[in-house]
Amino acid sequence: MSNANDTATLVANSRHSLPRIAGMPMPAFGMLSVVLLTAIYTDNLPAGMIGGLLTMMVLGELLGFVGDRLPIVRTYLGGGAILAIFGAATLMYFPVMPASVGENITQFMQGGDFLNFYIAALITGSILGMDSKALVTIGTRYFMPIIGAVLGAMALAALFGTLAGFTLSDAVVVITLPILGGGMGAGAVPMSQIYEQMLGQPASYYISLLVPALALGNVFAIVFASLLAKLGDRYPSLTGNGQIMPGVKLEERRQELDIAAMGIGVMVALGFYIGGQIIADLIPLHPYALMIIVVALFKIFGLVPQTLADAATQWYGFVARNWTFALLFGIGVAYTDLGTVIEALTPAYVLIVFAVVAGAALGAALLGKLVGFYPIESAITAGLCMANMGGTGDVAVLSAARRMQLMPFAQISSRLGGALILLISGLGVPLLFG
Numbered sequence: 294m295s296n297a298n299d300t301a302t303l304v305a306n307s308r309h310s311l312p313r314i315a316g317m318p319m320p321a322f323g324m325l326s327v328v329l330l331t332a333i334y335t336d337n338l339p340a341g342m343i344g345g346l347l348t349m350m351v352l353g354e355l356l357g358f359v360g361d362r363l364p365i366v367r368t369y370l371g372g373g374a375i376l377a378i379f380g381a382a383t384l385m386y387f388p389v390m391p392a393s394v395g396e397n398i399t400q401f402m403q404g405g406d407f408l409n410f411y412i413a414a415l416i417t418g419s420i421l422g423m424d425s426k427a428l429v430t431i432g433t434r435y436f437m438p439i440i441g442a443v444l445g446a447m448a449l450a451a452l453f454g455t456l457a458g459f460t461l462s463d464a465v466v467v468i469t470l471p472i473l474g475g476g477m478g479a480g481a482v483p484m485s486q487i488y489e490q491m492l493g494q495p496a497s498y499y500i501s502l503l504v505p506a507l508a509l510g511n512v513f514a515i516v517f518a519s520l521l522a523k524l525g526d527r528y529p530s531l532t533g534n535g536q537i538m539p540g541v542k543l544e545e546r547r548q549e550l551d552i553a554a555m556g557i558g559v560m561v562a563l564g565f566y567i568g569g570q571i572i573a574d575l576i577p578l579h580p581y582a583l584m585i586i587v588v589a590l591f592k593i594f595g596l597v598p599q600t601l602a603d604a605a606t607q608w609y610g611f612v613a614r615n616w617t618f619a620l621l622f623g624i625g626v627a628y629t630d631l632g633t634v635i636e637a638l639t640p641a642y643v644l645i646v647f648a649v650v651a652g653a654a655l656g657a658a659l660l661g662k663l664v665g666f667y668p669i670e671s672a673i674t675a676g677l678c679m680a681n682m683g684g685t686g687d688v689a690v691l692s693a694a695r696r697m698q699l700m701p702f703a704q705i706s707s708r709l710g711g712a713l714i715l716l717i718s719g720l721g722v723p724l725l726f727g
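Counting from 294, one number per residue, gives the positions in the sequence shown under my numbering.
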């Protein structure tokens, strides 16, 4: 009888010791995966949100689980974040995944606005969850490391570009500025229109030149984020472990889980997002940038009741915990052209892109340290989040760095920093090509 009990105990313990994927026991996750794959390859996957979100969650969590356990990928390449993105892009490139599934996910991400839905939750919840005094202390100094990132990126790009045989104008205008420009929609597309007006070729011509730099820069930014996280583990004095400034804690209020509050949090996040869209009709800035400003002002002046702020924070926690790998998988399908990245992989081109991202991180770290920020957090937010693909890149970079709570500062870099780069493009192109 004792042996039978011991055997039962061993079996139970072995079940509990199995790792979980997306919080689910492995057998249950395996059964769900079989159902999903059967639906995909028998053409029975529903269109719209149901099919798109389930595919992104299951495959994103699976790739994230694997990436976080592969030694080299986990340590040096961004772990689950980069595998979720490029695993998805690879499935579409070869193609292993049917085109109809990719089209459905792309429609859900872009037409269904899932990316904006996710980022709205992160911006609203993380800012409203901050202490208002900390927000003021940090915000007034934050543009110094952004300027450091721009100067550092341009300096190293010019140096390495000269060594690689590129002209100064190509190294700065064709490679550096698009990498720093805030992504595709807010950076490369308007930048191509600026170039069209000033240089004469159609915008589509410049897009084809800018996209490889943008895509490759995003890869390096994710890799560097993972390396900086490891550097912080090795040298704790360089990092605040997600706190951007010594003596200023971005602490979350402890609160009881409240299902009804999450519903309120959804409405608060979407309300602020739509408010940013309305103001963008009046002020020529990206809606994300305006949303950040509005949420920050509401927080600083105490215009949001604490119950609503707590609700937005709970919703942010739910979204970040459950949908990050799903979103990264969607980014790989909808926003990452693996062919474009592969075509850009000439040694000289890769060297300059590496220099741009390294220069942005180094410049942001140095000037961030000068104004009192932790170098690693400053390098990640003001440096790498200037050098990635905007909102999609911010999620990937912060996920690789294990610092998702820094999303508001990442978005300031991507949006307001991106607007600064567009201004530099408009002023600098005539000087370099005139």
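The beta carbon of each residue, even a glycine, is placed where N, CA and C say it ideally should be. In this text, all values refer to a predicted model and were calculated from it rather than measured experimentally.
Status (buried if at least 16 other CB within 10 Å, exposed otherwise) for residue i
| i | result |
| --- | --- |
| S718 | buried |
| S706 | buried |
| T348 | buried |
| I635 | exposed |
| L492 | exposed |
| P529 | exposed |
| P539 | exposed |
| Y740 | Outside the displayed span of the chain (294 to 727) sits residue 740, for which this structure offers no information. |
| V612 | buried |
| L303 | Confidence at L303 is low in this model, with a pLDDT of 48, below 50, so its placement is unreliable and no value can be given for it. |
| L311 | exposed |
| S307 | Because S307 sits at a pLDDT of 49, beneath the cut-off of 50, its placement in the model cannot be relied upon, and the following sentence gives the value as read from the coordinates. Under this definition S307 is an exposed residue. |
| G323 | exposed |
| G686 | buried |
| N728 | Missing from the structure shown is residue 728; the chain here goes from 294 to 727 and no further. |
| M342 | exposed |
| V466 | buried |
| P668 | buried |
| L716 | exposed |
| E354 | buried |
| Q698 | buried |
| L660 | buried |
| Q536 | buried |
| V389 | exposed |
| T532 | buried |
| F387 | exposed |
| N534 | exposed |
| R527 | exposed |
| E549 | exposed |
| L590 | exposed |
| P495 | exposed |
| L691 | buried |
| P364 | exposed |
| G360 | buried |
| L709 | buried |
Integer Cβ distance of residue i from residue j, believed to fall under 8 Å
| i | j | result |
| --- | --- | --- |
| A689 | A374 | 5 Å |
| V643 | M437 | With a Cβ gap of about 30 Å, V643 and M437 do not count as contacting. |
| A522 | T633 | About 27 Å separates the two Cβ atoms, so there is no contact after all. |
| G683 | G475 | 5 Å |
| S485 | L470 | Not confirmed; about 11 Å, so no contact. |
| A269 | C678 | Only positions 294 to 727 of the chain appear in the structure, and residue 269 is not among them; the question remains open. |
| I237 | I624 | Past the boundaries of the shown model lies residue 237; the chain is included only from 294 to 727, so the question cannot be answered. |
| A680 | I472 | 5 Å |
| L418 | Y609 | Before going on, a small fix: residue 418 reads as Gly here, not Leu. Indeed they touch by this definition, with Cβ atoms about 2 Å apart. |
| V399 | A627 | The amino acid occupying residue 399 in the given sequence is Thr; Val does not appear at that position. Yes, T399 and A627 are in contact; Cβ-Cβ is about 4 Å, under 8 Å. |
| V646 | L421 | Contact flag wrong, Cβ pair sits at about 36 Å. |
| L356 | G380 | 4 Å |
Near the ligand SAH: residue i beta-carbon under 7 Å from a heavy atom
| i | result |
| --- | --- |
| L716 | Among the ligands in the structure shown, none appear at all, so the ligand SAH cannot be discussed. |
Residues that DSSP places opposite residue i in a beta bridge
| i | result |
| --- | --- |
| M682 | M682 pairs with nothing; no bridge assigned. |
| M402 | Paired residues: none, contrary to the question. |
| P539 | According to DSSP, P539 bridges with nothing at all. |
| I314 | M317 |
Minimum Cβ-Cβ distance from residue i to chain D less than 8 Å
| i | result |
| --- | --- |
| Y488 | The structure shown has no chain D; it contains just one protein chain. |
Item to check | At least three beta-carbon pairs within less than 8 Å, the region 423-438 to the region 647-654 | outcome: no
Item to check | Start-end ranges of the alpha helix (DSSP H) lying completely within the region 434-494, minimum 4 residues | outcome: 436-456, 470-473 and 482-492
Item to check | Cβ pair count under 8 Å reaching 3, the region 572-585 against the region 383-396 | outcome: no
Next on the checklist: Pairs of beta-carbons, one from the region 674-681 and one from the region 451-459, closer than 8 Å: are there three or more?
Outcome noted: When C-beta atoms of the region 674-681 are compared with those of the region 451-459, fewer than three pairs fall below 8 Å, so the two segments do not count as touching.
Item to check | Inside the region 604-652 only - alpha helix (DSSP H) runs reaching at least 4 residues | outcome: 631-636
Checklist entry - Counting Cβ pairs, one atom from each stretch, are 3 or more of them under 8 Å apart for the region 316-331 and the region 589-603? => result no
Next on the checklist: Using 8 Å as the cut-off, can you tell me whether the region 556-566 makes contact with the region 600-611, which would need three or more C-beta pairs spanning the two stretches below that distance?
Outcome noted: yes
Item to check | Uninterrupted alpha helix (DSSP H) stretches inside the region 362-432 (no shorter than 4 residues) | outcome: 364-369, 373-386, 392-399, 407-421 and 425-432
Checklist entry - Is the number of C-beta pairs between the region 432-447 and the region 611-629 that are closer than 8 Å three or more? => result no
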